[in-house]
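Report on one structure; see the data block that follows.
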Amino acid sequence: MSGISLQSVSKRYPGGVLAVDGVDIDIESGEFVTLVGPSGCGKTTTLRTIAGFETPTDGSIRIDGEDVTDAPPYERDTGMVFQDFALFPHMTIRENIAYGMEAAGEYTDEEIDARVAEMLELVELPGIGDRTPDQLSGGQQQRIALARALAPRPKALLLDEPLASLDKQLREQMQVELRRIQQEIGITTVFVTHNQEEALTMSDRLAVMNDGQFEQVGPPEAVYDDPDTRFVADFLGTANIFDGTVLAIDDGYATVDCGDVTIRAQNADGIDSGSAVSVVVRPERFRFETASADGGRQRPDAANVFEGEITFKRHLGSSVEFRLETDDGQELVVVRRSGLNERAPGDRVTVTVGADDCRIVET
Ligand code: ATP
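Residue 13 in our numbering sits at position 13 of the sequence shown; the count goes up by one each step and never skips.
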């Protein structure tokens, strides 16, 4: 198995659009990396430069240590799966899976038969080799597309929104299935999606793209909990974002004037007094205050305290989301575990959040 390395890769299309703008990443052998970002940010173009369907305008691409920047797709040993499956409708499932190996002309009939059977087992669809694609469900077709891509033992698997056309339940099932298969064979994988939840749940690392660039690359927990920029905080999951100016820095914390509120936040490197910043608080970081027996606050030391009223409540399964309007006119989103929350719209509440749970990011 092998890694993929992109160095300063840019792609400008003939019409002048700079779709990819100097991206760098070293993807380790066996790693599952997701390119995620809004429509038009350059995810597919980046993937297509790895596959060889597009030639970068600048920069270089290595697969398994070999420079493939100018190599055609068939010399790159990558397997690709597309959103629309792209199975050959007139061929049987067996013929579809065998296609890449037949085209390579390097395998005996016995080797191909054995590999097709192995792939059908891997995607848990043994016994359907004689059917045609129109006799399969959407989820089954997607598994076959995966089996077809993996059959010739590619060095890397490239997936372009492969689950986008499946309904929600099937999509979640296939997320698990895809990850199981990827881990079972340990293949280096680059996955493109604009679905942030999918990116957070499936990847070893994700690269959040914006306007042709990687805004942040890292493991899901790190990117979610510690976003570098306002864009990343806003794009991945729900974020409470307060824009303001740093008033003072002391003891590794910053005091930020956000108009109606002043927030104490964990300091970020390179931030000085007077800097314009955003403070990000994830909804799970807030806590409701309940008055203690002596009438005081439970967490008198909490750095940030908001008083207000619940305006909206909805159940998310294992957790509950609240919307609050604070007395300062801020709207907050607070998520707490189900079962602990009898609170309802109209209730007056106090929520607190520690300075360590308030992150300063670039605006
Ligand atoms: P989506 O999620 O909508 O598929 P994406 O992040 O994959 O978007 P790309 O398809 O890589 O984005 O497109 C990036 C930019 O390049 C867009 O502005 C798009 O319009 C432009 N673009 C894509 N393909 C071409 C092309 N063949 N010729 C000219 N411009 C293109």
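Ideal Cβ positions, reconstructed from N, Cα and C, are used throughout, including at glycine.
Asked                                                                                                                            : Found
Start-end ranges of the alpha helix (DSSP H) lying completely within the segment 57-144, minimum 4 residues                      : 93-104 and 109-122
Glu309 to Val280 span [Cα, whole Å]                                                                                              : 21 Å
Nearest candidate by alpha-carbon position, reference Val320, set Glu307, Val335 and Asp328                                      : Val335
Distance between Asp26 and Ile360 (C-alpha atoms, nearest Å)                                                                     : 27 Å
Cβ-based burial, Asp269 [other Cβ within 10 Å; buried from 16]                                                                   : exposed
Entirely enclosed beta strand (DSSP E) segments - the segment 156-192, minimum 3 residues                                        : 156-160
Ala164 beta carbon less than 8 Å from that of Val190                                                                             : no
Cβ neighbour criterion (16 or more within 10 Å) applied to Pro152                                                                : buried
Classification of His315 by the beta-carbon crowding that lies within 10 angstroms, buried from 16 upward                        : exposed
CB-CB length for Asp257 against Leu247, believed under 8 Å                                                                       : 5 Å
Residue environment, Ile185, which counts as buried when at least 16 other CB atoms sit within 10 Å                              : exposed
The segment 50-70 contacting the segment 117-130, beta-carbon criterion three pairs below 8 Å                                    : no
Closest by C-alpha distance to Thr245, when choosing among Met80, Ile271, Phe288 and Pro220                                      : Ile271
Within-8 Å CB hit, Thr55 to chain D                                                                                              : No chain D is part of this structure, which consists of one protein chain only.
Beta-carbon proximity of Gln142 to Met174, cut-off 8 Å                                                                           : yes
Which of helix, strand or coil DSSP assigns to Ile50                                                                             : helix
Backbone CA spacing between Thr352 and Pro283 [nearest angstrom]                                                                 : 11 Å
Distance, Gln140 Cα to Asp84 Cα                                                                                                  : 13 Å
Reduced DSSP category for Glu342 - H, G, I as helix; E, B as strand; rest coil                                                   : coil
Bridge partner(s) assigned by DSSP for Tyr224                                                                                    : Beta-bridge pairing links Tyr224 to no other residue.
Neighbourhood of Thr229 by C-beta, 6 Å cutoff - its chain only, sequence neighbours within 5 removed                             : Glu215, Val361 and Glu362
heavy atom of the ligand ATP below 7 Å from Gly365 C-beta                                                                        : Here the chain comprises residues numbered 1 to 363, so residue 365 is not present and cannot be evaluated.
Secondary structure of Ser5, DSSP reduced to three states                                                                        : strand
Thr45 CB to nearest heavy atom of the ligand ATP below 7 Å                                                                       : yes
Spatial distance of Ala117 from Arg131 (CA atoms)                                                                                : 14 Å
Contacts around Arg62, its chain only, beta-carbon distance under 6 Å, and the 5 residues preceding and following it disregarded : Ser5
Sheet register partners of Gln213 (DSSP bridge)                                                                                  : Asn210
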